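Heads up: the protein sequence lines correspond to chains A and B, in order.
For the first sequence, our numbering gives the first residue as 700, with consecutive numbering after it.
For the second sequence, our numbering gives the first residue as 12, with consecutive numbering after it.
These notes concern the structure reproduced below.
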Amino acid sequence: MLFSSGALLADIHGLVFGAIFLLAYSGGMVGLLDLHASWETRKGRRALTKQLVIGTWAMAVVAWLTVLIGTYLVYPLYRTEFQSVLSSSFWNTFSMALKTHIGWFTPILATTVAVVIWRYKTQLTEEKHIRYALEVLFTLAFLAAGIAGLLGALTTKALPVY
Amino acid sequence: MANVSHEEIPVKTDILLEDIQQERKIPNGEAGAAILAAGIGCLTMGLLTAVAAIWGSLHTFLQFYPPAGSITGITIVMVIAWLASWFVLYRFWKDKQVNLIKVFVLTLAFILLGVVGIFPPFIHLFA
Numbered sequence: 700m701l702f703s704s705g706a707l708l709a710d711i712h713g714l715v716f717g718a719i720f721l722l723a724y725s726g727g728m729v730g731l732l733d734l735h736a737s738w739e740t741r742k743g744r745r746a747l748t749k750q751l752v753i754g755t756w757a758m759a760v761v762a763w764l765t766v767l768i769g770t771y772l773v774y775p776l777y778r779t780e781f782q783s784v785l786s787s788s789f790w791n792t793f794s795m796a797l798k799t800h801i802g803w804f805t806p807i808l809a810t811t812v813a814v815v816i817w818r819y820k821t822q823l824t825e826e827k828h829i830r831y832a833l834e835v836l837f838t839l840a841f842l843a844a845g846i847a848g849l850l851g852a853l854t855t856k857a858l859p860v861y
Numbered sequence: 012m013a014n015v016s017h018e019e020i021p022v023k024t025d026i027l028l029e030d031i032q033q034e035r036k037i038p039n040g041e042a043g044a045a046i047l048a049a050g051i052g053c054l055t056m057g058l059l060t061a062v063a064a065i066w067g068s069l070h071t072f073l074q075f076y077p078p079a080g081s082i083t084g085i086t087i088v089m090v091i092a093w094l095a096s097w098f099v100l101y102r103f104w105k106d107k108q109v110n111l112i113k114v115f116v117l118t119l120a121f122i123l124l125g126v127v128g129i130f131p132p133f134i135h136l137f138a
C-alpha cells in the first residue's frame with residue numbers, strides 16, 4: 700500500500716524530503732570546501748557563495764519540512780497503529796525514540812550554516828575558522844539526518860503505516 | 012581640458028554593490044553567536060528529554076500535541092531556547108571578535124551532551 704494516506708505521508712517525509720537533504724549534502728559540502736580565497740577569482744567567489752546561499756537555505760527548509768511532517772503527521776500514525784508494540788519493544792525503546800529526537804538536530808544545524816553563509820558571503824573565503832566550524836556543523840546535520848533516516852527506514856519496514 | 016565622450020570612460024563592471032558592502036568586514040562574533048546558539052538548542056533537547064524521563068509530570072506537561080506525545084513540547088521548547096539564546100548572544104557579540112575556537116569547542120560539547128541526553132539507553136538508566 701505505497702499510496703495509502705499514511706504510507707504516502709511517510710514516503711513524503713522520508714523518501715522525498717529526507718532523501719533530498721541527504722543527497723544535497725555532498726553538493727553543499729563541496730561548495731564549502733571550495734571556499735578558499737586563493738582558489739577562486741572574485742567573480743568565482745561571488746558565484747560560489749550565491750549557489751551556497753541558495754543551496755543551504757533550500758536544505759534548511761527541506762530539513763524543517765521533514766521534521767515537522769514526521770513529528771506532527773507521521774509519528775501520530777505510528778502511535779495510533781502500533782501503540783502496544785511501540786510501548787514494549789525495541790522499536791520504541793531505542794529506534795523510534797532516538798529517531799524522533801535526533802532528527803530535530805538537523806534543521807537547527809542546517810539553519811545555522813545557512814544563516815552564517817548568507818551573512819558572511821565572500822568574506823568566508825578569508826575566515827577559515829568560521830568555515831571549518833560550518834563544515835563540521837553541516838556534517839553533523841547530515842549524520843543526524845542519516846541516523847534518523849536509517850532508523851526510520853528500518854522502522855517502516857518492520858511497522859508499515861497505512 | 013580634453014573633451015571626453017561617454018564611450019571613452021572605462022566602466023569597471025565587476026565592482027558590484029555586494030563588493031562595496033563586503034568592504035566592511037563582519038566581526039566573527041555574529042557567526043559565534045549563531046554557532047553557540049545551535050549547541051544550546053541541542054543541549055536543551057537532551058536536558059529536557061532526560062529530565063522528562065525522570066519527572067513524569069514534566070513528561071505529561073510537554074505533550075503540547077497529545078497524538079504525538081512529549082516530543083512536541085520538547086522540540087517547541089528547544090526551538091524557543093535556540094532562538095532566544097541566538098538573539099541574546101547576537102546582541103552581545105555582533106560587533107566583537109570572539110575566540111571562535113573556544114566557542115566552537117563549547118558548541119561541540121553541548122551537542123555531544125544533547126546526544127547523550129536523547130540516547131535511549133542513557134534515558135532508561137533514570138526512567
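Don't be surprised by glycine CBs; every beta carbon is placed ideally from N, CA and C.
Being a predicted model, the structure only gives us computed values, none of them experimental.
- Contact with chain A is found for F115 (chain B), since one of that chain's Cβ atoms lies less than 7 Å from the residue's Cβ.
- CA-to-CA, the gap between V127 (chain B) and I51 (chain B) works out to about 14 Å.
- Nearest to I829 (chain A) by alpha-carbon distance, out of A:L708, A:L850, A:H735, is A:H735.
- For L69 (chain B), the enclosing alpha helix (DSSP H) has its first and last residue at 67-72.
- Scanning the segment 755-836 of chain A from its first residue to its last, the whole alpha helix (DSSP H) runs of 4-plus residues come out as 774-780, 782-785, 796-801, 804-819.
- When 8 Å is used as the limit between beta carbons, A92 (chain B) is near no residue of chain A, the shortest such separation being about 10 Å.
- Judged by their CB atoms, I134 (chain B) and C53 (chain B) are not nearer to each other than the 7 Å cut-off.
- Scanning B:G80, B:A48, B:A61, B:L58 for the CA closest to the CA of L94 (chain B) turns up B:A48.
- Under the Cβ criterion of 7 Å, A832 (chain A) is counted among the residues facing chain B.
- As far as DSSP is concerned, G726 (chain A) takes part in no beta bridge.
- For T799 (chain A), the closest Cβ of chain B is nearer than 7 Å.
- Any Cβ of chain A closer than 7 Å to the Cβ of G52 (chain B) would place that residue at the interface, and such an atom is present.
- Going by C-alpha positions, A843 (chain A) is about 14 Å away from E834 (chain A).
- Taken in chain order, the whole alpha helix (DSSP H) runs of length 4 or more contained in the segment 91-133 of chain B are 111-129.
- L732 (chain A) counts as exposed, since fewer than 16 other C-beta atoms from the protein chains shown sit within 10 angstroms of its C-beta.
- The C-alpha of A832 (chain A) lies about 27 Å from the C-alpha of L850 (chain A).
- For E739 (chain A), there are no neighbours in chain B by C-beta distance under 8 Å, as the nearest C-beta there is about 13 Å away.
- Sequence-distant partners of R744 (chain A) (beyond 5 residues in either direction) whose C-beta falls short of 7 Å from its own C-beta, in its chain, are T821, T824.
- At a cut-off of 7 Å between beta-carbon atoms, V814 (chain A) makes contact with chain B.
- Residue environment analysis places Y861 (chain A) among the exposed positions, since fewer than 16 neighbouring C-beta atoms fall within 10 angstroms of its C-beta.
- Contact of F841 (chain A) with chain B is not assigned, every C-beta pair being separated by 7 Å or more.
- Under DSSP, the beta-bridge partners assigned to G80 (chain B) are B:Y76.
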